[in-house]
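Participant: Residue numbers (my numbering), protein chains in the order written: chain A, 1 to 246; chain B, 247 to 492.
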DNA sequence: ATGGTTTGGTAACAGAATGTAACAGTTGCA
DNA sequence: TGCAACTGTTACATTCTGTTACCAAACCAT
């Protein structure tokens, strides 16, 4: 099969060259662009499977470009930004971005996100978005958001604590998407300053919480199949999730 | 589906920014306003699903604004106030507010209230508001306010004490809305200074009362389905309530 | 292949929050 | 007036959750 074709939109030469080189080494065909004019040329020239779009583009704005692209293309878009403004991320999802990565980022995380978005294709999914009344089916399990209950494959209800349920919701909202501990913590505790690195024990708290949830929903908690560890990144919910409105 | 759109009316910049940031992170599109003039502009600009309205607005008064809005809009309104005046809360309901939150508040509580009000739409419901002659149906049970009797699903009447009935009324008036122990205590005892934190034993008294009511109306008091515990917040009546005028 | 470093798993602990049995004082009724 | 019911209070038990420490696994340099 052909290599996935990425478009990297970044006006900073050093950053652009670094991203292009790294992604090419990782097995992608990568096309660089500096502004919307160049984006258009690349899109007209051939198939693009995913766009990595910097938000700060000199005189142009990545959010505006994203919105403009959505008028005509269904191509997955990952926004990349150095800014940590809380509302910008939400704005990104509002203009149709599929994911959002904050600079500076671990190249492994970038790779994981790119692969995740490529795998699931274009479909908005965010860390914070949750429909409380939906029913989620995953791996033989069911989570009923309206009744707030978890049903095991054997039909029995499993009691989860508030934090465990919160973590499950985050995972259900982001299947196949690697999540850092910071992202998980942000989703569980909205008062946390987003983007702030976790302290040592805060990160361990996420690890312990993941372990506790695993012990309740994994057939083999020591060899988890649903909540996988992504070393150096965080965790990924490696199971298909079917959502039904309540 | 589209994100719920909230309007936060707060003249204190720090408080407004904090609420806006928190609510945006929680998955809402949030629009700030400082006074009635700005409110009008936001409402004219597009759909608003809920208004969070501070009562103390410099030279303007949130209660007056609420009343004014009710002349023209059916948008749910939650009043937010630092004052603890008992009658102010009643005034709020009288001018058409859907809910009332006293500062300082737990962000989780704010979120829970916003979601509850959005879910049930515009419909007056308050902690203290009670139509004593109504008939309430919930979870197979019935409470007849006129006769002041509780009928179990099996058709038999269940005797509740005065305090237990009082608690039930509070819960029936606020289905799906997390209530703190302070709010429950305020509703049960009108002479209590509203907004005052409960003493240790006062809070335990609410816990014991909840336990006693659970033991009478829950199929499994140790695993309650109607009166759920919301750790760190209080309790929530997690059952649909159908009200019929007597 | 080996040793050192980094990262993640998890058992154990501690503090906070909640459930509840038991007790005592209060209230209402016969 | 006596008694039963009611209700607040207390104390103990249980649950929840963050933190710490130890250990195992993975990774990297030599």
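Note that CB positions come from ideal geometry on N, CA and C, so glycine has one too. All of these numbers come straight from a predicted model, not from anything done at the bench.
#1: Starting from the beta carbon of residue 162 of chain A, find every residue of chain B whose beta carbon is closer than 7 Å, and list them in chain order.
#2: How big is the Cα-Cα spacing for residue 106 of chain A and residue 22 of chain A?
#3: Assuming residue 138 of chain A contacts residue 239 of chain A under a Cβ cut-off of 8 Å, what Cβ separation, rounded to an integer in Å, is found between them?
#4: What's the call for residue 156 of chain A, buried or exposed, on a 16-neighbour Cβ count within 10 Å?
#5: Ordered along the chain, which non-local residues of its own chain (more than five positions away) have a Cβ less than 6 Å from that of residue 470 of chain B?
#6: In whole angstroms, what is the alpha-carbon distance linking residue 295 of chain B and residue 275 of chain B?
#7: Using only alpha-carbon positions, find the residue among B:337, B:431, B:357, B:257 that is nearest to residue 304 of chain B.
#8: Excluding the 5 residues preceding and the 5 following residue 306 of chain B in the sequence, name in chain order all residues of the same chain whose CB lies nearer than 7 Å to its CB.
#9: Sort out for me which residues DSSP pairs residue 407 of chain B with in a bridge.
#10: Rounded to whole angstroms, what is the Cα-Cα separation between residue 266 of chain B and residue 292 of chain B?
#11: By Cβ distance, which residues of its chain are closer than 7 Å to residue 140 of chain A, with the 5 residues on each side in sequence left out?
#12: To the nearest angstrom, how far is it from the Cα of residue 249 of chain A to the Cα of residue 393 of chain B?
#13: Reducing DSSP to helix, strand and coil, say where residue 461 of chain B ends up.
#14: Can you tell me whether DSSP reads residue 350 of chain B as helix, strand or coil?
#15: For the alpha helix (DSSP H) containing residue 20 of chain A, name the first residue and the last one.
#16: Run through DSSP, which three-state label would residue 205 of chain A get?
#17: Using DSSP's beta-bridge definition, name the partner residues of residue 33 of chain A.
#18: Where do the N-terminal and C-terminal ends of the beta strand (DSSP E) with residue 327 of chain B fall, by residue?
#19: Could you tell me the distance, in whole angstroms, from the CA atom of residue 150 of chain A to the CA atom of residue 136 of chain A?
#20: Return the first residue and the last residue of the beta strand (DSSP E) that residue 476 of chain B is part of.
#21: Around the Cβ of residue 373 of chain B, are there at least 16 other Cβ atoms within 10 angstroms (buried) or fewer (exposed)?
#22: Out of A:187, A:114, A:166, A:142, which one is the CA nearest neighbour of residue 212 of chain A?
#23: Alpha helix (DSSP H) containing residue 432 of chain B: first to last residue?
#24: Suppose you measure from the CA of residue 111 of chain A to the CA of residue 26 of chain A; what does that come to, to the nearest Å?
#25: State the DSSP-derived secondary structure class of residue 362 of chain B, mapped to helix, strand or coil.
#26: Taking the C-alpha atoms as reference points, what is the distance between residue 431 of chain B and residue 472 of chain B?
#27: Return the CA-CA distance between residue 409 of chain B and residue 341 of chain B, expressed in angstroms with no decimal places.
#28: Rank A:82, A:113, A:115 by C-alpha distance to the C-alpha of residue 104 of chain A and give the top, closest one.
#29: Going along the chain, which residues of its own chain have a beta-carbon closer than 7 Å to the beta-carbon of residue 467 of chain B, five neighbours each way excluded?
#30: Give the DSSP-derived three-state secondary structure of residue 240 of chain A in the structure shown.
#31: For residue 262 of chain B, which residues of its own chain have a beta-carbon under 7 Å away from its beta-carbon, when the five flanking residues on both sides are left out?
#32: With distances taken from CA atoms, which of B:343, B:252, B:422 is nearest residue 480 of chain B?
#33: Helix, strand or coil: which one does DSSP assign to residue 69 of chain A?
Facilitator: The short version:
#1: Neighbours of residue 162 of chain A on chain B, chain order: 477.
#2: Residue 106 of chain A and residue 22 of chain A: Cα-Cα distance of roughly 12 Å.
#3: Contact flag correct, Cβ pair sits at about 5 Å.
#4: Taking all protein chains shown into account, residue 156 of chain A has fewer than 16 neighbouring C-beta atoms within 10 Å of its C-beta and is therefore exposed.
#5: Here residue 470 of chain B has 460, 464 as same chain residues with Cβ atoms under 6 Å from its own Cβ, once five neighbours each way along the sequence are excluded.
#6: As the crow flies, the alpha-carbon of residue 295 of chain B is around 10 Å from that of residue 275 of chain B.
#7: Between residue 304 of chain B and the set B:337, B:431, B:357, B:257, the nearest pair of CA atoms involves B:257.
#8: Excluding residues within five positions, the ones whose Cβ falls inside 7 Å are 281, 282.
#9: Beta-bridge pairing links residue 407 of chain B to no other residue.
#10: Approximately 18 Å between the Cα atoms of the pair.
#11: Hits under 7 Å: 153.
#12: The question about residue 249 of chain A has no answer here: the residues shown for chain A are numbered 1 through 246.
#13: Residue 461 of chain B: helix per DSSP, three-state reduction.
#14: Assigned with DSSP and collapsed to three states, residue 350 of chain B falls in coil, not helix or strand.
#15: Taken as a continuous stretch (DSSP letters only), the alpha helix (DSSP H) holding residue 20 of chain A covers 13-25.
#16: Of the three classes helix, strand and coil, the one that applies to residue 205 of chain A here is helix, per DSSP.
#17: DSSP lists A:9 as partners of residue 33 of chain A.
#18: Taken as a continuous stretch (DSSP letters only), the beta strand (DSSP E) holding residue 327 of chain B covers 323-327.
#19: Computed Cα separation, rounded: 9 Å.
#20: Per DSSP, residue 476 of chain B belongs to the beta strand (DSSP E) from 473-476.
#21: Bear in mind that a pLDDT of 43 at residue 373 of chain B, under 50, signals an unreliable position, so the number given afterwards is only what the model happens to contain. Residue 373 of chain B is buried by the Cβ-count criterion.
#22: If we check each option's Cα against that of residue 212 of chain A, A:166 comes out closest.
#23: Following the DSSP letters along the chain, one finds residue 432 of chain B inside the alpha helix (DSSP H) bounded by residues 427-434.
#24: Computed Cα separation, rounded: 8 Å.
#25: Of the three classes helix, strand and coil, the one that applies to residue 362 of chain B here is helix, per DSSP.
#26: When the Cα atoms are used, residue 431 of chain B and residue 472 of chain B turn out to be separated by approximately 19 Å.
#27: Counting only the Cα atoms, residue 341 of chain B lies some 29 Å from residue 409 of chain B.
#28: Nearest option by C-alpha distance: A:82.
#29: Counting only Cβ-Cβ distances below 7 Å, and skipping sequence neighbours, we find 460, 461.
#30: Coil, per DSSP.
#31: 254, 256, 278.
#32: It is B:422.
#33: In the three-state reduction of the DSSP assignment, residue 69 of chain A falls in the helix class, which pools H, G and I.
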